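Visitor: The structure is given below, and queries will be raised subsequently.
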Amino acid sequence: MIKIELPDGSRKELDSGITGQQIAEDIGQRLAQEALAVKVDGTLKDLTAPITANAKVEIITFEQEEGKNIFWHSSAHLLAHAIKRIFPDAKLAVGPAITEGFYYDIDVDTPFTTEDLEKIEAEMKKIVEEKIDVERIECKTKDEARALQKDEPYKLQIIDESVENITVYKQGDFQDLCRGPHLPNTKKIKSFKITKVAGAYWKGDEKNKQLQRVYGISFPDKKMLKDYLFRIEEAKKRDHVKLGKELGLFVMSELVGSGLPLLAPKGMIIRNEIVRYLWDLHKSKGYEQIWTPHIAKDVLYKTSGHWDKFGDELFKVKGKSEEFVMKPMNCPHHMQIYKNFNYSYKDLPIRYFEPATVYRDEKSGELHGLSRVRALTQDDGHLFCRIDQIKQEVKTIVGIIREFYETIGMNDDYWVSLSVRGDDKSKYLGSDEVWEIAEQSLQEAADENQLNYKRIEGEAAFYGPKLDFMFKDALGREWQLATIQCDFNLPERFDLSYTSENNEKERPVVIHRAISGSLERFMSVLIEHFAGKFPLWLSPVQVKILTVADRFLQYADEVAAQMRDMGIRVEVDRRSESVSKKVRDAQMQKINYILVVGEKEVEDKTVTVRTRNNEVLGPQAVDEFIGHIIAEATDRTLPKDE
RNA sequence: GCCUCCGUGGCUUAGCGGUAUAGCGUUGCCUUGGUAAGGCAGAGGUCCCGAGUUCAAUUCUCGGCGGAGGCCCCA
343 MIKIELPDGS
353 RKELDSGITG
363 QQIAEDIGQR
373 LAQEALAVKV
383 DGTLKDLTAP
393 ITANAKVEII
403 TFEQEEGKNI
413 FWHSSAHLLA
423 HAIKRIFPDA
433 KLAVGPAITE
443 GFYYDIDVDT
453 PFTTEDLEKI
463 EAEMKKIVEE
473 KIDVERIECK
483 TKDEARALQK
493 DEPYKLQIID
503 ESVENITVYK
513 QGDFQDLCRG
523 PHLPNTKKIK
533 SFKITKVAGA
543 YWKGDEKNKQ
553 LQRVYGISFP
563 DKKMLKDYLF
573 RIEEAKKRDH
583 VKLGKELGLF
593 VMSELVGSGL
603 PLLAPKGMII
613 RNEIVRYLWD
623 LHKSKGYEQI
633 WTPHIAKDVL
643 YKTSGHWDKF
653 GDELFKVKGK
663 SEEFVMKPMN
673 CPHHMQIYKN
683 FNYSYKDLPI
693 RYFEPATVYR
703 DEKSGELHGL
713 SRVRALTQDD
723 GHLFCRIDQI
733 KQEVKTIVGI
743 IREFYETIGM
753 NDDYWVSLSV
763 RGDDKSKYLG
773 SDEVWEIAEQ
783 SLQEAADENQ
793 LNYKRIEGEA
803 AFYGPKLDFM
813 FKDALGREWQ
823 LATIQCDFNL
833 PERFDLSYTS
843 ENNEKERPVV
853 IHRAISGSLE
863 RFMSVLIEHF
873 AGKFPLWLSP
883 VQVKILTVAD
893 RFLQYADEVA
903 AQMRDMGIRV
913 EVDRRSESVS
923 KKVRDAQMQK
933 INYILVVGEK
943 EVEDKTVTVR
953 TRNNEVLGPQ
963 AVDEFIGHII
973 AEATDRTLPK
983 DE
C-alpha cells in the first residue's frame with residue numbers, strides 16, 4: 343500500500359506500483375491535469391515513475407517552486423527539440439530553468455535572427471500539438487549515455503564530468519541528456535514565448551566559445567502568460583532611465599560620452615538631499631569630513647595595488663612630465679591623510695567621510711543608466727581602528743544603514759551577503775586570528791541587527807571579509823548598494839600605524855563603508871522604488887500652484903514667494919490652460935501637493951489643496967499649509983498612505 | 001569587449017531606393033475656464049556619423065558612435 347497525503351492534509355491509501363499520474367487522476371480530474379511531477383519520500387520523480395510500497399507521496403504542480411523548475415526545464419527541452427528540427431547541425435549545451443523562465447545554450451555556426459526565433463516558436467507549437475509522450479532512459483554506464491548523445495560534444499563533456507546516474511529523456515525523434523524529472527508530455531505547456539536571444543560563453547568563461555542563449559517563458563495556462571507579460575510592461579514603466587527623462591532628473595549626452603550621466607537641477611535636488619541626510623546620520627557618530635583631488639600620481643595606485651587590480655579600467659591622465667590616474671577609489675587618498683597624523687591609540691577609531699566621485703573605464707556593454715556608470719560618487723568612508731574595535735564600529739555602521747533604508751522604506755528590499763573566506767586560506771591576506779575576529783564581528787553585528795543575511799563562503803575580498811547589501815531593481819536585477827568591508831591589506835601596503843599604550847607602533851585595521859553604495863546607483867534604485875513619487879523631503883518640486891484664471895497669477899506668485907522663503911520647493915504653472923489640464927500635468931509630474939487658487943482663495947487668503955493621489959484636502963490658510971509642509975519635509979518619515 | 005535587436009524635429013513614433021508621417025511639447029491667436037487633455041494656426045528635421053553601391057541612400061552594404069537586453073566583469 344502507498345500512503346499519500348493530499349494538499350488538504352487528508353490521507354489516502356492506494357495499491358503500490360501505480361504512477362503519480364494515476365494517483366493524481368484518482369484524486370481528481372483537475373489535479374490530474376495540473377500534476378507535473380511527484381515527490382516520493384521527499385525525492386522528486388517523474389509522474390510516470392512507478393511508486394513503491396509505503397511511500398509518502400506529494401503531487402507537484404506549477405504552484406510549487408519545484409513545479410515551476412520542472413515545467414520550465416521541460417520547456418527548455420521543448421525549445422531544444424524545435425531548434426534541432428530546424429537546425430539539425432546545432433549542438434546543445436545546457437538548458438536550465440531560471441528564476442523566471444528558462445534558456446538553452448546552443449552552438450550554431452550563424453547566430454539566430456529574429457525570424458529564426460519565430461520559426462522556432464512555431465515549431466515548438468507543432469511539437470506540443472503532436473502530444474508525444476516523453477520517455478526516460480536510465481543509462482547503466484557512461485558508455486551507454488555516450489552512445490545516445492554521440493553527436494553532442496557538449497553533452498559528452500558533461501557525461502565525462504558527471505558522477506551520478508545518467509539519464510536521457512526521449513521525445514519522438516529527439517533525445518537529450520537530463521537529470522530530470524521531466525513532464526510526461528509537453529502538451530501541458532499550454533503557452534510560451536521566446537523572449538530574447540543573447541550571447542553566452544560555454545561554462546561562463548570568456549575564453550570559451552560564445553554560444554547562443556535563447557531565453558523563453560512558459561506557463562500551463564494562457565492567462566498566466568498574459569499576466570506575466572503585463573507585469574513586465576508595468577515594471578518597465580518604473581524604469582529609472584525612462585522616469586529620469588520624463589521627470590527631468592538627468593540627461594545623457596552623446597558628446598559627453600556613454601556611462602557619464604549629467605544631473606539636471608531636479609536630479610541634483612534629490613542627490614543633495616540624500617547627501618545631506620547621509621551626513622546627518624554620520625555627524626553624531628564621530629565621523630569627520632575630508633576632501634581629496636580626483637587625480638593622483640600613478641605611483642599611489644601602484645603602492646595600493648589598484649594599478650594591477652584595475653588594469654585597463656584606469657583612466658590615465660598625462661601631465662607635462664608625470665603620469666596621473668583618475669582615481670578609481672578613494673581609499674589610497676584617505677590612507678595618506680591618516681598617515682600624515684601621528685595618531686595614538688587614544689585617538690582611535692579615526693572615521694573619515696567623503697562623498698567622492700571615482701572614475702572607472704567600464705566595458706561598454708556593462709553600462710546602464712545610472713546603475714552602472716563610468717563616473718560614480720561613492721558615499722565613501724574609512725575607519726581606522728584596533729582589532730578589538732571592529733565589532734562596535736561595524737554595529738554602528740549597520741545601524742546607520744538600517745536607519746537610512748528604513749527611512750526610505752526599503753528595509754525589506756534587500757538581503758545581505760556575509761562574504762567570508764573560502765577553503766583555500768592561502769588566497770587571503772592576514773592572519774587566521776585577525777580573520778576570525780573580523781568575520782565574527784561582522785556576523786555578530788548582522789545578528790544583533792537582525793539582518794536578513796546569508797553566509798557566503800569564498801566571497802570575501804582577498805584583503806578581508808565584508809557585508810554586502812543587495813537590492814533589486816524594477817526588473818528584478820540585483821545591485822549592490824551598501825557595503826562594509828574589513829581590510830588588512832592597505833594598512834600593510836601604506837605602512838599605517840598608531841602608537842599603542844606600550845609606546846609601540848601597531849597596525850590599525852581599515853574598515854571601508856558605503857551606505858548608498860554610489861549616489862548614482864542608489865538614485866536608480868530609489869527612482870524605481872518610488873516609481874518617481876518621491877516623499878516630500880526628496881521631491882524636486884514639492885508644491886505646484888495653478889490658477890483658475892490668469893488674473894489670479896499675482897496671488898499665486900505671492901504665495902509661492904512666501905513658500906520659497908520658508909525653503910519650500912514650489913513652482914507656479916503660468917500657462918493659460920484649463921484647470922483640468924494643469925492638474926493633469928502636475929499629477930503626471932508626480933508633484934506632492936497641487937494648489938488651486940481663484941476668487942475664493944484670494945478673498946480668504948487660502949489655497950485649495952490636492953495631493954497627487956487624488957485626495958482633495960480642501961481650502962487651507964496659507965500659513966497653516968506652509969507649517970504642515972515644513973513639518974512633513976523635516977521629518978523624512980514616509981507618510982502612511984504612500 | 002562579445003551576441004541579438006535598435007537609432008527619424010525636445011519626447012514618443014509612422015514610413016520609404018526619388019530628402020518624410022502623426023501625437024505630445026513648444027510659439028502665436030481665440031477662450032478665462034474650479035480639479036486628469038478647450039479650439040485654431042505656425043515654427044521646428046544634414047532621417048546618429050563616415051565610407052561604399054547606385055542616376056539617386058533616411059531607406060541597401062561596411063565601419064564608427066550611441067541605446068536596450070543578455071554573457072563575461074563589477075575593488
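According to this note's numbering, the first sequence is numbered sequentially starting from 343. All C-beta atoms, glycine included, are put in the ideal place defined by N, C-alpha and C. All of these numbers come straight from a predicted model, not from anything done at the bench.
(1) Can you tell me where the alpha helix (DSSP H) holding residue 930 begins and where it ends?
(2) Could you check if residue 522 is buried or exposed, using at least 16 other CB atoms within 10 Å of its CB as the buried criterion?
(3) Please classify residue 631 as buried or exposed, where buried requires at least 16 neighbouring CB atoms within 10 angstroms.
(4) Does the distance from the CB of residue 379 to the CB of residue 414 come in under 8 Å?
(5) Do you know how far the Cα of residue 880 is from the Cα of residue 615?
(6) At a cut of 8 Å, does the region 712-732 reach the region 856-873 through at least three beta carbon pairs?
(7) Tell me the rounded alpha-carbon separation between residue 984 and residue 759.
(8) Tell me which same chain residues have a C-beta within less than 6 Å of the C-beta of residue 506, skipping the five on either side of it?
(9) Hey, how far is the Cα of residue 691 from the Cα of residue 613?
(10) Okay, do the region 892-901 and the region 847-855 touch, 3+ Cβ pairs below 8 Å being the bar?
(11) Does DSSP put residue 536 in a helix, a strand or coil?
(12) Express the C-alpha separation of residue 754 and residue 783 in angstroms, rounding to a whole number.
(13) For residue 580 and residue 870, which I take to be in contact (beta-carbon distance under 8 Å), what is that distance rounded to the nearest angstrom?
(14) Less than 8 Å between the CB atoms is what I'm expecting for residue 437 and residue 447, so what's the real figure, rounded?
(15) Evaluate residue 539 with the Cβ neighbour count: other Cβ atoms within 10 Å of its Cβ, from every protein chain shown; 16 or more gives buried, anything less gives exposed.
(16) Could you tell me which residues DSSP puts in a beta bridge with residue 466?
(17) How do the region 568-576 and the region 422-430 stand: do at least 3 beta-carbon pairs fall below 8 Å, yes or no?
(18) Ignoring anything shorter than 4 residues or poking outside the region 661-719, list the alpha helix (DSSP H) runs there in chain order.
(19) I'd like the list of long-range same chain contacts for residue 623, defined as Cβ closer than 8 Å, with 5 residues on each side in sequence excluded.
(20) Three-state secondary structure (DSSP) at residue 984?
(21) Do you know whose CA, among 558, 569 and 703, lies nearest residue 600's CA?
(22) Can you list, in chain order, the residues of its chain whose CB lies under 6 Å from that of residue 695, leaving out five sequence neighbours each side?
(23) Where does residue 749 sit, in a helix, a strand or coil, going by DSSP?
(24) Keeping to the same chain, check which residues put their C-beta closer than 6 Å to that of residue 932; ignore five residues upstream and five downstream.
(25) Could you compute how far the alpha carbon of residue 894 sits from the alpha carbon of residue 826?
(26) Name, in chain order, the residues that DSSP records as bridge partners for residue 915.
(27) Between the C-alpha atoms of residue 840 and residue 686, what's the straight-line distance to the nearest angstrom?
(28) Measuring only the C-alpha atoms, how far is residue 458 from residue 468?
(29) Apart from the five residues just before and just after residue 494, which ones in its own chain have a Cβ nearer than 7 Å to its Cβ?
(30) Give me the residue from 443, 402 and 604 with the minimum Cα distance to residue 373.
(31) Buried or exposed for residue 355, going by 16 or more other Cβ atoms inside 10 Å?
(32) Under the rule that 16 or more other beta-carbon atoms within 10 Å means buried, what is residue 418, buried or exposed?
(33) Here's the rule: buried if 16 or more other CB atoms are within 10 angstroms of the residue's CB, otherwise exposed. What is residue 882?
(34) Taking Cβ positions, are residue 509 and residue 478 nearer each other than 8 Å?
(35) Please report the Cβ distance between residue 564 and residue 532, rounded to the nearest whole angstrom; I am assuming they are in contact, meaning their Cβ atoms lie under 8 Å.
Guide: Reading from the atomic positions:
(1) 921-930
(2) buried
(3) exposed
(4) no
(5) 6 Å
(6) yes
(7) Note that residue 984 scores 47 on pLDDT, short of 50, meaning its location in the model is unreliable; the coordinates nonetheless yield the value given after this. So the two alpha carbons sit approximately 29 Å from each other.
(8) none
(9) 29 Å
(10) no
(11) strand
(12) 23 Å
(13) 5 Å
(14) 7 Å
(15) buried
(16) Paired residue(s): none; residue 466 is not in a bridge.
(17) no
(18) 673-682
(19) 742, 745, 746 and 857
(20) In this prediction, residue 984 has a pLDDT of 47, which is less than 50 and means its spatial position is unreliable; nothing more can be read from the coordinates.
(21) 703
(22) 624, 629, 631 and 723
(23) helix
(24) 874, 875 and 954
(25) 55 Å
(26) 888
(27) 5 Å
(28) 15 Å
(29) 433 and 434
(30) 402
(31) exposed
(32) buried
(33) buried
(34) yes
(35) 6 Å
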